[in-house]
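Trainee: I'd like to ask some things about the structure below.
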Amino acid sequence: MPGLRALRRGETGTGLAVVALWIGLLVLAGARSARIADTVVGGGVGEWLALVTLVGALAWCWGPGTRARPLAAGGPGDRGPLAGVTGTPSGRVGLLLVAGVLLVALLAPYLAPHDPARQIDPVAGAHLPPGPAHLLGTDRLGRDVLSRVLYGARVTMAAAVPAVALSVGLGAAVGGVAGYVGGIVDSVSMRVVDLLLAFPRIVLLVAAAALFEPSLGLVVVLLGLTGWMDVARLVRGEVLSIRERPYVRAAEGLGLGRGRVLARHVLPNALGPLLVAATLGVADAALAEATLSFLGLGVQAPTPSLGSMVAGGRDALLGAWWVVVFPGGVLTAVVLGFNLLGEAVRAEAAGDGPVRRGRSATGAVDAPGEGAA
Amino acid sequence: MRDDAGLIRYALRRLLQAVPLLLAAATVVFFLLHLAPGDPAAAYLHPDVPAEVAEQVRRQMGLGRPLHEQYLSWLGSVVTGDLGYSFSQGQTVARAIGGALPNTLLLGGAALLLSFLAGGSLGVFQGTRPNTATDRTLGTATLVAYSVPGFWIALLLLLLFSAAPVRELLPLPLTGATSVDHGLMDPGGRVLDRLRHLVLPAAALSLAPAAAVARHARSAVLEARDADHVRAARGRGLAAWSVTLRHVVRNALLPLVSLLGLYIPRLMGGAVVLEVIFSWAGMGRLLYRGVQARDYPLVLGATLLFAALVVVANLLADLVYAGADPRVRYRSSRG
Chain A
1 MPGLRALRRG ETGTGLAVVA LWIGLLVLAG ARSARIADTV VGGGVGEWLA
51 LVTLVGALAW CWGPGTRARP LAAGGPGDRG PLAGVTGTPS GRVGLLLVAG
101 VLLVALLAPY LAPHDPARQI DPVAGAHLPP GPAHLLGTDR LGRDVLSRVL
151 YGARVTMAAA VPAVALSVGL GAAVGGVAGY VGGIVDSVSM RVVDLLLAFP
201 RIVLLVAAAA LFEPSLGLVV VLLGLTGWMD VARLVRGEVL SIRERPYVRA
251 AEGLGLGRGR VLARHVLPNA LGPLLVAATL GVADAALAEA TLSFLGLGVQ
301 APTPSLGSMV AGGRDALLGA WWVVVFPGGV LTAVVLGFNL LGEAVRAEAA
351 GDGPVRRGRS ATGAVDAPGE GAA
Chain B
1001 MRDDAGLIRY ALRRLLQAVP LLLAAATVVF FLLHLAPGDP AAAYLHPDVP
1051 AEVAEQVRRQ MGLGRPLHEQ YLSWLGSVVT GDLGYSFSQG QTVARAIGGA
1101 LPNTLLLGGA ALLLSFLAGG SLGVFQGTRP NTATDRTLGT ATLVAYSVPG
1151 FWIALLLLLL FSAAPVRELL PLPLTGATSV DHGLMDPGGR VLDRLRHLVL
1201 PAAALSLAPA AAVARHARSA VLEARDADHV RAARGRGLAA WSVTLRHVVR
1251 NALLPLVSLL GLYIPRLMGG AVVLEVIFSW AGMGRLLYRG VQARDYPLVL
1301 GATLLFAALV VVANLLADLV YAGADPRVRY RSSRG
């Protein structure tokens, strides 16, 4: 059985997590067997994505999950990409939050108890408080808040993740070329970055949303185009130091083309900072998407978005707090998860353990001073 | 005296750098307008305007002219402060912005002050007791505060301050920048009225930046504590609080001023949504109303002004920093 081996090794946390995930997935598959059958007969892309995720996650529990390394890193042979990240409590919480929200977003069609757009009973069913029938209550149109939150998390991820892929790609390209080529290319592209950074991101997004017809695709493109400047600066800084390293010099000396050196030898070595920027970028993009949707300029109804759900609850704030509190809380958890994970990856990439914390030398030197304070 | 001359030279050079940045911002806004679907006249005109009027406006706007001519005339009118006419506000864009700007400066300034005071103190508090349980708890708390969406915390504040027990204890106005009878108040009452209206929006706006400042301040303090002169001061037997205040805090917090460039755009972006929620008659709400009415001259004018605010605020921050730390202007005059 999945997780048992970890339990036998004495890794209670990892083992229980895998067992719980496995049982949870099986229960879900059993309870939603009708929907799964529907998917097989004639489901859309979203449903198929959910089915693949379900099967994949179950397979993971049997396969890699069974052999899962301890969540708390430390063993000498333990050098997976996430080994250091899971070494701190905040890194573990971040990873769990991120994995949780991604799983929920992908499985939303099976997890949601109701259709997120269905008005179950628009008159008597509006603004029902949280209870057994609707765990998180219903909104002003009688729609199930829990189902909408699950689908909303899906929309948030569907907007933020591709947008960050776009902005990281663009930022890496501009920053890489600017840093590697230098000279006029460098100064011109950095002036453009300075210029675009003078526009507050939300202001640019709001103004652009006024000029174009709002849709999920537009939100992705706008978020991507307004998020690459910080990445470009970061990558340029990295590249400036990497390009002086001996192996880059050697590659150039061997007569490799500039593009090839940049792509094969320089940029791969800036992967750590890029990963940090991407993780923190998802947090930022999720917040920006929610803000745009809150203002009614993002993904349009009836698609549920965490931001527009909060906006929909504004008018009945005092009578139906649950419509505002739950989507906002989930959004905070999502953003927090990516921020925690990003900080943990940053600490790992910097090679000094937990962020600005675990420098034991500092602690040791400062200890007497603290006693006196 | 020599030093003053250096500062003035630095100020002039920074000022000269800001001018092209502002012109470039106007260029970005110009192309934003021309990127929009349909021709800019469609953007400038209300859809209900009759066709012949639209044609006349097109000719008046010079849309038949080549793009570079249009661009130059746009730059010319921006430089002279002519941003067009806002049909949704029934006045010129410049006038509408002029009415809204002071409110945004008040809200943004208050939030900036609050985030640096609160965040700075919190960071120093944490930095002087690193890796303790208190420090870790506060570290988690600041990361949570940094992750909370501004619009959500604003609604939670409204929820909290409309609850009966809180209202009795601390009655605060929930929306608006001033009371209805603001004009009838005596000067002291007006100031108080404004401050009371400022509390909730400024608190909501400063939460995330304060958390960011706290995290930066904490690591800056940690670094400054290890500096040789601080160890020497401690070694001379100076009281711990005096070392912290005089040698650590001063050195650690000054560089935070240079982070203003990072926070001001975020603060301005946050102001957009918070002004809408709190019915705060500022630039953000003006921009939002322009967007809702598809009032493009207003949207573009407000966007341009936000960029100008960021550029000017960065300029001021650099000048303050250079004034306080001579090394900055020395370094930049050599490089």
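In the order they appear, the protein sequences are chains A and B.
So for the first sequence, my numbering puts the first residue at 1; every next one is plus one.
So for the second sequence, my numbering puts the first residue at 1001; every next one is plus one.
Don't be surprised by glycine CBs; every beta carbon is placed ideally from N, CA and C.
So, at 8 Å on beta carbons, what are the nonlocal neighbours of W1074 (chain B) in its own chain, with the 5 sequence-adjacent residues on each side left out?
Mentor: Indexing the second sequence from 1 puts residue 1074 (chain B) at position 74. If we look at W1074 (chain B) and ignore the five residues flanking it on each side, its Cβ neighbours are A1026 and F1030.
Trainee: Leaving aside the five residues before and after G1120 (chain B) along the sequence, list all residues of the same chain whose C-beta is less than 8 Å from its C-beta, in chain order.
Mentor: As a position in the second sequence, residue 1120 (chain B) is number 120, starting the count at 1. Excluding positions up to five away in sequence, the list reads V1213, A1214, A1217, L1253 and L1256.
Trainee: Within the same chain, show all residues whose beta-carbon is closer than 7 Å to that of A1096 (chain B), passing over the 5 residues directly before and after it, in chain order.
Mentor: Locating residue 1096 (chain B) in the second sequence gives position 96, where the first residue counts as 1. S1086, Q1089, L1286 and L1298.
Trainee: With contact counted as at least three CB pairs below 8 Å, one residue from each stretch, are the region 192-207 of chain A and the region 243-257 of chain A in contact?
Mentor: Output reads no: the region 243-257 of chain A does not touch the region 192-207 of chain A.
Trainee: Can you tell me whether A1322 (chain B) is buried or exposed, with buried defined as 16 or more other CB within 10 angstroms of its CB?
Mentor: To locate residue 1322 (chain B), count along the second sequence from 1; it is residue 322. With 16 or more other Cβ atoms within 10 Å, it is buried.
Trainee: Would you say L146 (chain A) and L136 (chain A) are within 7 Å of each other, going by their C-beta atoms?
Mentor: On the first sequence, residue 146 (chain A) is found 146 positions in, with the first residue counted as 1. On the first sequence, residue 136 (chain A) is found 136 positions in, with the first residue counted as 1. Yes, they are a contact pair.
Trainee: What span of residues does the alpha helix (DSSP H) with I36 (chain A) cover, start to end?
Mentor: By 1-based counting over the first sequence, the position of residue 36 (chain A) is 36. That run of the alpha helix (DSSP H) goes S33 to G42.
Trainee: Taking Cβ-Cβ distances shorter than 8 Å, what residues in chain B pair up with F326 (chain A)?
Mentor: Looking up residue 326 (chain A) in the first sequence gives position 326. Ordered by position in chain B, no residue passes the 8 Å Cβ test against F326 (chain A), which lies about 11 Å from the chain.
Trainee: Quick one: which unbroken alpha helix (DSSP H) runs of 4-plus residues sit fully inside the region 1109-1197 of chain B? Chain order, please.
Mentor: Taking only runs of at least 4 residues, the alpha helix (DSSP H) segments lying wholly in the region 1109-1197 of chain B are 1133-1147, 1150-1161 and 1164-1169.
Trainee: Residues of chain B with CB under 8 Å from D139 (chain A), in chain order?
Mentor: Reading the first sequence from its first residue, position 139 is the one you call residue 139 (chain A). What D139 (chain A) touches in chain B: nothing, since even the nearest Cβ is about 14 Å away.
Trainee: May I ask which residues mark the beginning and end of the alpha helix (DSSP H) holding A172 (chain A)?
Mentor: On the first sequence, residue 172 (chain A) is found 172 positions in, with the first residue counted as 1. Run containing A172 (chain A): V145 to V181, per the alpha helix (DSSP H) assignment.
Trainee: Residues of the region 311-336 of chain A with a CB closer than 7 Å to any CB of chain B: list them in chain order, please.
Mentor: Answer in chain order: R314, L317, L318, W321, V324, G328, L331, T332, V335 and L336.
Trainee: Closer than 8 Å is the cut-off here; do at least three beta carbon pairs connect the region 154-172 of chain A with the region 279-298 of chain A?
Mentor: With the cut-off at 8 Å, the region 154-172 of chain A and the region 279-298 of chain A touch.
Trainee: Quick one: list the residues of chain A neighbouring A1204 (chain B), beta-carbon separation under 9 Å, in chain order.
Mentor: On the second sequence, position 204 is the one that residue 1204 (chain B) refers to. Neighbours of A1204 (chain B) on chain A: none; closest Cβ ~13 Å, over 9 Å.
Trainee: Just how far apart, CA to CA, sit R1231 (chain B) and F1125 (chain B)?
Mentor: Locating residue 1231 (chain B) in the second sequence gives position 231, where the first residue counts as 1. Locating residue 1125 (chain B) in the second sequence gives position 125, where the first residue counts as 1. C-alpha separation (whole angstroms): 19 Å.
Trainee: Since Y1146 (chain B) contacts A1211 (chain B) with CB under 8 Å, what's their CB separation in whole angstroms?
Mentor: Here the question's residue 1146 (chain B) lines up with position 146 in the second sequence. Here the question's residue 1211 (chain B) lines up with position 211 in the second sequence. About 4 Å; that satisfies the 8 Å criterion.
Trainee: What is the DSSP secondary structure of Q119 (chain A), counted as helix, strand or coil?
Mentor: The residue you call residue 119 (chain A) lines up with position 119 of the first sequence. If DSSP states are grouped into helix, strand and coil, Q119 (chain A) belongs with coil.
Trainee: My guess is that V345 (chain A) and V276 (chain A) are in contact by the Cβ rule of under 8 Å, so how many angstroms apart are they, rounded?
Mentor: Indexing the first sequence from 1 puts residue 345 (chain A) at position 345. Indexing the first sequence from 1 puts residue 276 (chain A) at position 276. Going by Cβ atoms, the distance from V345 (chain A) to V276 (chain A) rounds to 5 Å, so yes, they are a contact pair.
Trainee: Sort out for me which residues DSSP pairs Q1091 (chain B) with in a bridge.
Mentor: Here residue 1091 (chain B) refers to the residue found at position 91 when the second sequence is read from its first residue. Q1091 (chain B) is bridged to B:S1086.
Trainee: Do A316 (chain A) and R140 (chain A) have their C-beta atoms within less than 7 Å of each other?
Mentor: Against the first sequence, residue 316 (chain A) aligns to sequence position 316. Against the first sequence, residue 140 (chain A) aligns to sequence position 140. Yes, the pair counts as a contact, with Cβ atoms nearer than the cut-off.
Trainee: Below 8 Å on C-beta distance, what does I36 (chain A) contact in chain B?
Mentor: Mapped onto the first sequence, residue 36 (chain A) falls at position 36. Residues of chain B passing the Cβ test: none, with the nearest at roughly 34 Å.
Trainee: Do L341 (chain A) and V98 (chain A) have their C-beta atoms within less than 7 Å of each other?
Mentor: The residue given as residue 341 (chain A) occupies position 341 in the first sequence. The residue given as residue 98 (chain A) occupies position 98 in the first sequence. Taking 7 Å as the Cβ cut-off, L341 (chain A) and V98 (chain A) qualify as a contacting pair.
Trainee: Quick one: what's got a C-beta closer than 6 Å to V1276 (chain B)'s C-beta in the same chain, skipping five residues either side?
Mentor: The count along the second sequence starts at 1 and reaches residue 1276 (chain B) at position 276. Taken in chain order, the residues that qualify are R1285 and Y1288.
Trainee: Hey, could you find the ends of the alpha helix (DSSP H) H1229 (chain B) is sitting in?
Mentor: Translated into positions along the second sequence, residue 1229 (chain B) becomes position 229. Taken as a continuous stretch (DSSP letters only), the alpha helix (DSSP H) holding H1229 (chain B) covers D1228 to G1235.
Trainee: Just list the residues that DSSP pairs T303 (chain A) with in beta bridges.
Mentor: The count along the first sequence starts at 1 and reaches residue 303 (chain A) at position 303. Note: T303 (chain A) sits in no beta bridge, so no partner.
Trainee: Using 10 angstroms around the beta-carbon of H1229 (chain B), count the other beta-carbons present and answer buried if the total reaches 16, otherwise exposed.
Mentor: Sequence index remark: in the second sequence, residue 1229 (chain B) carries index 229 (1-based). It is exposed - the Cβ of H1229 (chain B) has fewer than 16 other Cβ atoms within 10 Å.
Trainee: Pop quiz: L297 (chain A) and P214 (chain A) are said to be a contact at Cβ under 8 Å. What is the actual Cβ separation, rounded to whole angstroms?
Mentor: As a first step, residue 297 (chain A) is located in the first sequence; it is residue number 297 there, counting from the start. As a first step, residue 214 (chain A) is located in the first sequence; it is residue number 214 there, counting from the start. Rounded, the Cβ-Cβ distance is 6 Å, consistent with contact.
Trainee: Any chance the region 1161-1175 of chain B sits against the region 324-332 of chain A, with 3 or more Cβ pairs inside 8 Å?
Mentor: At 8 Å Cβ cutoff, the stretches do not touch.
Trainee: In three-state DSSP terms, what is T226 (chain A)?
Mentor: Here residue 226 (chain A) corresponds to residue number 226 of the first sequence, with the count starting at 1. Coil.
Trainee: Could you give the distance in angstroms between the alpha-carbon of T12 (chain A) and the alpha-carbon of E348 (chain A)?
Mentor: In the first sequence, counting from the first residue as 1, residue 12 (chain A) sits at position 12. In the first sequence, counting from the first residue as 1, residue 348 (chain A) sits at position 348. Approximately 24 Å, taken between the alpha carbons.
Trainee: Excluding the five sequence neighbours on either side, which residues of its own chain have a C-beta within less than 7 Å of the C-beta of L49 (chain A), listed in chain order?
Mentor: Counting from 1 along the first sequence, the entry for residue 49 (chain A) is found at position 49. Hits under 7 Å: L106.
Trainee: So, at 6 Å on beta carbons, what are the nonlocal neighbours of G1270 (chain B) in its own chain, with the 5 sequence-adjacent residues on each side left out?
Mentor: Indexing the second sequence from 1 puts residue 1270 (chain B) at position 270. Counting only Cβ-Cβ distances below 6 Å, and skipping sequence neighbours, we find G1150 and L1205.
Trainee: Along the chain, where does the alpha helix (DSSP H) containing R260 (chain A) start, and where does it finish?
Mentor: In the first sequence, residue 260 (chain A) corresponds to position 260, counting from 1. Per DSSP, R260 (chain A) belongs to the alpha helix (DSSP H) from R258 to V261.
Trainee: Just checking: is the beta-carbon of A1307 (chain B) within a distance shorter than 7 Å of some beta-carbon in chain A?
Mentor: In the second sequence, the residue the question calls residue 1307 (chain B) occupies position 307. Chain A contact via Cβ: present.
Trainee: Indicate whether A57 (chain A) and L95 (chain A) have their beta-carbon atoms separated by less than 7 Å.
Mentor: In the first sequence, the residue the question calls residue 57 (chain A) occupies position 57. In the first sequence, the residue the question calls residue 95 (chain A) occupies position 95. No, the pair does not count as a contact, with Cβ atoms beyond the cut-off.
Trainee: Is T1303 (chain B) helix, strand or coil when you go by DSSP?
Mentor: Walking along the second sequence from the start, residue 1303 (chain B) turns up at place 303. If DSSP states are grouped into helix, strand and coil, T1303 (chain B) belongs with the helices.
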